[in-house]
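At position 325 of the sequence shown (counting the first as 1) the number is 399 in the working numbering, and the numbers step up by one without a gap. No residue lacks a Cβ here, since even glycine has one placed at the ideal position from N, Cα and C. What follows is a single structure, written as C-alpha cells, with notes after it.
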Amino acid sequence: MCGIVGYTGYREAYPILIKGLHRLEYRGYDSAGTAIYDDKSRELNIYKAKGKVSDLEKAAMGHNHCGSLGIAHTRWATHGHPNETNAHPHVSETGQLTIVHNGIIENYIILRDQLKDKGYHFKSETDTEVLVQLIQYVMDSHNTDLVTSVRLALEKVIGAYAILVVDTKNPDTLVAARKSSPMVIGIGENNCEFFIASDASPIIEYTNRMVYLEDEQIAVCHRGEALQIIALDNSEVAVNVKKVNLDLSMLDKGGYPHFMLKEIHDQPQCIRDCMRGRIVQDGKRIVLSAVTEHREELLKAKRIIIVSCGTSWHAGLIGKLLIEQFCRIPVEVAYASEFRYSDPVIDSNDIVIAISQSGETADTLAAIQLASEHGALIFGIVNVVGSSIARASDTGTYIHVGPEIGVASTKAFTGQVTVLTMIALAVGRERGTVSEEKYSSLINELLTIPELMEKVLAQDEKIKLIAQQYATSHNMLYLGRAYNYPVALEGALKLKEISYIHAEGYPAAEMKHGPIALVDENMPVVFIATHHKLYEKILSNMQEVIARKGKVLAIVTEGDETIKGMAENIIEVPQVDNSLAPLLTVLPLQMLAYHVAVAKGLDVDQPRNLAKSVTVE
Ligand code: AGP
C-alpha cells in the first residue's frame, strides 16, 4: 500500500519528508515523489521518480526544494503502471492544487468521464489525478475554499482514501482526509507545526502528541492555529490528542515483531480490499472487468489450465475445485516448472490462469509465454501491479492485498483464493451452472469472511501455546479432504519453509496407501476436519492415526464436541460453506508455523535458502 508524509511548520520540509518516506519503505512501493512550497519564490516544486526514495533524492538533488510546507508519497501501484507519470503528487490542470493519495477510488472512471466532458484533460492513468481535478472543479464551480472543495468532492467519491491536498493560493494550510486508509497527525508544540503520515513512524521522533483521523473526517492543519477536524457532513469533530509511545523498530511492522505475523493479521482488511468494488449493488453482484471483457471466451471454454508455483499452486488446487463446482469447466492445475518443459497439449480455446503474488516467478512467466504462443487466453491473478506476469497476461484480476514482505506467503494466498472464488461465481452465473440462490448465499457468506477471520486470528495466544509442543518435532503430517486437502499442503509448506521441520500434506484417505506406516507417538498429525459431507470419513482417518499413537492437532468447526474427545489439541473455526472453508482453516496453520519457528528462534521473515520471488529457474 502507498505511504503518505506531510509537513507544515517552521522547519525545512524536505528532510522531514524524505526521512518520513524512508520510514514508510517497509510498506512496499514502486515510485515516490515530493511537492514543497517555496515561500520565497512562491513556487511549488515537484520531484518524482520511479523506483526507490533514493532515486527521488537523486531527482531533487541540485534543484530547489526549499520551503516549510510539503507533501510526499511512496506509491504501490493499483491503477496505472509504476512510472514517473503515475507517481504522486498529482496536480490539477490549473496547477493550483496538488495531492497525494493512499487508497482506491472505485468510481474514478465515471468521474473522469464526467470531468472530460467538462473539458478537463488527464496526464496519468491514476484514480488520484481524477480526485485532484474533481476538487479543482468543485472549487472553481462553487467558488469555495480548499476545505469545502475537498469535502464536497469526497461526497461524490466511492472507495478508500487518505489524502493530503495543498492549495498554492493558500499555502499556509494543509488539508487531510481519510476513509478506510490510515492517517495520523502529529502536533508540534503550540500548534507551531503539524506532521501528517500513514502511520506514526515518520512522526514519532518529532512529537508524541498524535491524532488518529477517523473515517470520513477532514483535518485542517494551519500552522500557528489549533488543528481543526470536520466530518464529511460539515459537523465539527472534537480533536482527540493521544500521547503515543512507540518503539520505532516495531513501527515498521505495524507493532508486530515480524512482517509475517503482521501480514497474517492484516488478512481481514486485505480481503475487504480484495473484494472492494467487485461485489456491488449492495452485495448482490460480483463484477470483475476481466470476466465481463472475456465473457464469450469463458462461456465457450472447454478447459482451463492453472499454472503456478508453491503457495500459489496450492491456491490453484482450490481454484480447480471452485471452477469445476460452480462453472462445470474441467480444470488442470500444473506446476509451472513442469508445464513449461512437458511439451503440453494447448488448444487455442484453452484459458490459462497464472497465479503469482510477485508476478515475477520465472517458471510461471515462461509457462504463460508458451501457452500464449499456442493461442490460449492468459488470465493473470497477480498481486504486484505492472509486474512481468501481469503484463504478459491478456487480462486478469489483481488481488489488491498490498505488498507482501514476509517470504512465507500468507495474505496473498487468501487473496488469491478470494479472487478465484469471485471468478468461479461470476463465470458460473454467466454460464448458468450456479443457481441464483447459491450465488447469492455464497456472496453473502463471502462478505462475512473478514469478520470470521478476525474470530480465528483472535486465538493467536492459544495457538502460540500449542505451537510450543511441536517446536522439537522433526516431522509432521497434515491431512485434509476436498477443499481442505490443498490447505493441508499449504499448512505443511508454511511449517517447512520457516521452521525447517519436515512436513507433508496428504489427502486424508491416502494414508492407508503407505504414509500411515510413518505414524507413531513421535509423529504429530494435523487434521483439517471441518464439518462437510466427508466429515465422518475424516473421523475414521483420525481414529486410524490415534490407534497408532499419533498425536493429533485438529482444526474443527466451532462447537465440534466429537473431535474434542479424540485430539490432543483442537482449534475451532466458524462454520462456513465448504467452498469458503480454506479462507478460515488456513489461518491456524499460518499461525502454528509462525509460532513454531519463533519458538525455534529462527528468522521468520527471511528463512534460509529462500527468496521472496524466484525470478530464476
Ligand atoms: C510460499 O510461502 C513461498 N514463498 C513460495 O512457495 C511462493 O508461493 C512461490 O515461490 C510462488 O511465488 P509467486 O506467487 O510470487 O509466483
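Assess contact between the segment 378-393 and the segment 546-554, defined as three or more Cβ pairs (one per stretch) separated by less than 8 Å. Is contact present? Counting C-beta pairs closer than 8 Å gives fewer than three between the segment 378-393 and the segment 546-554, which falls short of the contact rule.
Straight-line CA distance for Leu-205 to Ala-227? 8 Å
Sort Ala-671, Ile-620, Ile-497 by Cα distance to Tyr-574 and report the nearest one. Ala-671
Considering Asn-176, what are the terminal residues of the beta strand (DSSP E) in which it resides? 171-179
Within 10 angstroms of the Cβ of Glu-229, are there 16 or more other Cβ atoms? Answer buried if so, exposed if not. Exposed, since its Cβ has fewer than 16 Cβ neighbours within 10 Å.
Measuring straight from C-alpha to C-alpha, what distance separates Asp-113 and Ser-142? 8 Å
Where are the alpha helix (DSSP H) runs, 4 residues long or more, that stay fully inside the segment 173-223, in chain order? List check, alpha helix (DSSP H) in window: 182-191, 201-216.
Looking only at C-alpha atoms, which of Ser-272, Pro-404, Gly-639 sits nearest to Gly-502? The closest CA to that of Gly-502, considering only Ser-272, Pro-404, Gly-639, is found on Pro-404.
Is Leu-707 near the ligand AGP, judged by its Cβ being under 7 Å from some heavy atom? This structure cannot speak to residue 707, because the chain is shown only from 75 to 691.
Does DSSP classify Pro-524 as helix, strand or coil? helix
To the nearest whole angstrom, what separates the beta carbons of Ser-272 and Asn-157, a pair I think is in contact under 8 Å? With a Cβ gap of about 22 Å, Ser-272 and Asn-157 do not count as contacting.
Where do the N-terminal and C-terminal ends of the beta strand (DSSP E) with Ile-292 fall, by residue? 291-296 is the extent of the beta strand (DSSP E) around Ile-292.
DSSP three-state call for His-155: helix, strand or coil? coil
Note down, in chain order, each residue of its chain lying with its Cβ closer than 8 Å to the Cβ of Asp-129, except the 5 sequence neighbours on either side. Excluding positions up to five away in sequence, the list reads Ala-106, Ala-123.
Beta strand (DSSP E) runs contained entirely in the segment 612-650, provided each spans 3 or more residues: 625-631, 643-647
What residues in its chain sit with their C-beta under 6 Å from that of Ile-392, if we drop five residues either side in the sequence? Val-491, Pro-560, Pro-656
Tell me whether Glu-571 is buried or exposed, calling it buried when 16 or more other Cβ atoms sit within 10 Å of its Cβ. buried
Where does Arg-252 land, buried or exposed, given buried means 16+ other C-beta within 10 angstroms? buried
Identity of the residue in Gly-506, Thr-159, Cys-76, Glu-646 nearest Arg-149 by Cα: Taking only the C-alpha atoms, the option nearest Arg-149 is Cys-76.
Using a threshold of 7 Å, is the CB atom of Glu-571 nearer than that to any non-hydrogen atom of the ligand AGP? At least one heavy atom of the ligand AGP is nearer than 7 Å to the Cβ of Glu-571, so yes.
Looking only at its own chain, which residues have a Cβ that is under 7 Å from the Cβ of Gln-680, when we skip the five neighbours before and after it? Excluding sequence neighbours, Gln-680 sits near Val-481.
Are the segment 517-536 and the segment 340-348 touching, with three or more C-beta to C-beta distances below 8 Å? yes
Check whether the segment 589-608 touches the segment 621-635, counting contact only when three or more Cβ pairs, one atom from each stretch, lie closer than 8 Å. yes
Under a Cβ-count criterion, where at least 16 other Cβ atoms within 10 Å of its own Cβ denotes burial, should Met-135 be classed as buried or exposed? Counting the other Cβ atoms within 10 Å of the Cβ of Met-135 gives fewer than 16, which makes it exposed.
Leaving out the 5 sequence neighbours to the left and right, which residues in its chain are closer than 6 Å to Tyr-330 when beta-carbon positions are compared? Lys-336
Go ahead and pull the three-state DSSP assignment for Ser-310. Reading the sequence as shown, one finds Glu at residue 310 and not Ser. In the structure shown, Glu-310 sits in a strand (DSSP, three-state: E or B).
To the nearest angstrom, how far is the alpha carbon of Ser-254 from that of Asn-615? Taking C-alpha positions only, Ser-254 is separated from Asn-615 by approximately 45 Å.
Determine the burial state of Pro-89: buried for a count of at least 16 other Cβ atoms within 10 Å of its Cβ, exposed for fewer. exposed
Start and end residues, beta strand (DSSP E) containing Leu-238: Where Leu-238 is concerned, the enclosing beta strand (DSSP E) stretches over 233-241.
What residue range does the beta strand (DSSP E) around Asn-160 cover? Careful: Asn-160 lies outside any beta strand (DSSP E) and carries neither H nor E.
Looking at C-alpha atoms only, which residue of Ile-427, Ala-389, Ala-410 is the closest neighbour of Leu-372? Ile-427
Say yes only if the C-beta of Ala-671 is nearer than 7 Å to one or more non-hydrogen atoms of the ligand AGP, and no if none qualify. For Ala-671, the Cβ stays outside the 7 Å cut-off from all heavy atoms of the ligand AGP.
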